[in-house]
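S.K.: Shown below is the structure under consideration.
Residue numbers (UniProt numbering): 1 to 139.
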């Protein structure tokens, strides 16, 4: 399994050698050299080769998967399916935390795993058009 590399340690106004770039992101210098053919821009007109911090950060961020997306109002994120899903039977339970907010609980429409979503009271009223919502009062 590939190691997930974070660009948080990279400073955009610095210049890095292969060794210092490897230390900044937590990989080996050989790995940084292997990124050149994959699209990492390197200043190779002189030795030692230098990597601009902003280019290293851009390269690492471009390799991250773009899996984040906004859920539709009537969708829940299922941790088991790892995908947005409609609730089973278009039903959900609402448990208030305070007068303005609460938790909407439903079962995944595919695998029937419990899913949660935090909503405002206003959003709960809007979702009542799509879902059959039962309000539970906590003890």
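Ideal Cβ positions, reconstructed from N, Cα and C, are used throughout, including at glycine.
1. How big is the Cα-Cα spacing for residue 90 and residue 13?
2. Any idea what DSSP makes of residue 107, helix, strand or coil?
3. Tell me where the alpha helix (DSSP H) around residue 135 begins and ends.
4. I think residue 24 touches residue 10, with their Cβ atoms under 8 Å apart; what is that distance to the nearest whole Å?
5. List the DSSP bridge partners of residue 101.
6. If you draw a straight line from the alpha carbon of residue 118 to that of residue 103, how long is it in whole angstroms?
M.R.: Once the coordinates are examined:
1. Counting from one through the chain shown, the residue named residue 90 turns up at place 90. Counting from one through the chain shown, the residue named residue 13 turns up at place 13. A straight line joining the alpha-carbon of residue 90 with that of residue 13 spans about 52 Å.
2. Mapped onto the chain shown, residue 107 falls at position 107. Residue 107 falls in the strand class under three-state DSSP.
3. Taking the first residue of the chain shown as 1, we reach residue 135 at position 135. Careful: residue 135 lies outside any alpha helix (DSSP H), inside the beta strand (DSSP E) at 132–135.
4. Locating residue 24 in the chain shown gives position 24, where the first residue counts as 1. Locating residue 10 in the chain shown gives position 10, where the first residue counts as 1. Contact between residue 24 and residue 10 holds, since their C-beta atoms are separated by about 5 Å, short of 8 Å.
5. Residue numbering aside, residue 101 sits at position 101 when the chain shown is read from its first letter. According to DSSP, residue 101 bridges with 120.
6. On the chain shown, position 118 is the one that residue 118 refers to. On the chain shown, position 103 is the one that residue 103 refers to. Taking the straight line joining both Cα atoms gives about 4 Å.
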